[in-house]
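Numbering (the numbering used here), first residue to last: 191 to 398. The beta carbon of each residue, even a glycine, is placed where N, CA and C say it ideally should be. Since the model is a prediction, treat every value here as computed from it, not as a measurement. Worksheet: one structure, shown below.
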């Protein structure tokens, strides 16, 4: 990545972090994937129980692999029934997630199909750790919502091979298909619970 772009991204991340802090959420800047992994592990105590909601970004920085190999109780939802994994996630010490978009002033946007991810972000797990690439930062709430619906949703429709219009067109059709992944929209604009939401902003392109 061009050094000028990296420096701009660093300043942008610091702006977002100030916004997060004004909303009682903690923000961290990571210059690369390695720094992001180090920061994430500092936020996750050994022997803690960790759940995840399909976070591609956590895998991209090597966090899932580190948890599986380390002294942690990582809950692999692929080995559990949907209901079992959801109930276990609600009671977890740490929930890992990314965001579909984040605004310059620290508002987090997430959309979900089964709603397991957004429900755990809103309530349940004791701590939520977000891994967010700088590519997901948007200027305001409107542009963040548009990114979630017109970038993240179509790509995830491809990833899960879903029969919905955005999979074929690359943009949101506000569909009501049974396969729609835009069932629940979560706007996290403030956290009443100090030390619960932690956002690691990574100077790299991560996730969708």
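Excluding five sequence positions before and after residue 216, the CB atoms of its chain that fall closer than 6 angstroms to its own CB belong to 388, given in chain order. Secondary structure of residue 374 (DSSP, three-state): strand.
DSSP places residue 225 in the uninterrupted alpha helix (DSSP H) bounded by 223-233. DSSP places residue 332 in the uninterrupted alpha helix (DSSP H) bounded by 331-337. In the displayed model, residue 262 falls within coil according to three-state DSSP, outside both helix and strand. In this structure, DSSP gives residue 398 a state outside helix and strand, which the three-state scheme calls coil.
Around residue 246, the same chain offers 397 as residues with beta carbons nearer than 6 angstroms, after the five sequence neighbours per side are excluded. Taking all protein chains shown into account, residue 229 has 16 or more neighbouring C-beta atoms within 10 Å of its C-beta and is therefore buried.
The alpha-carbon of residue 267 is positioned some 19 angstroms away from that of residue 313. Within the segment 254-306, the runs of beta strand (DSSP E) at least 3 residues long that lie entirely inside it are, in chain order, 284-287, 291-293 and 298-302.
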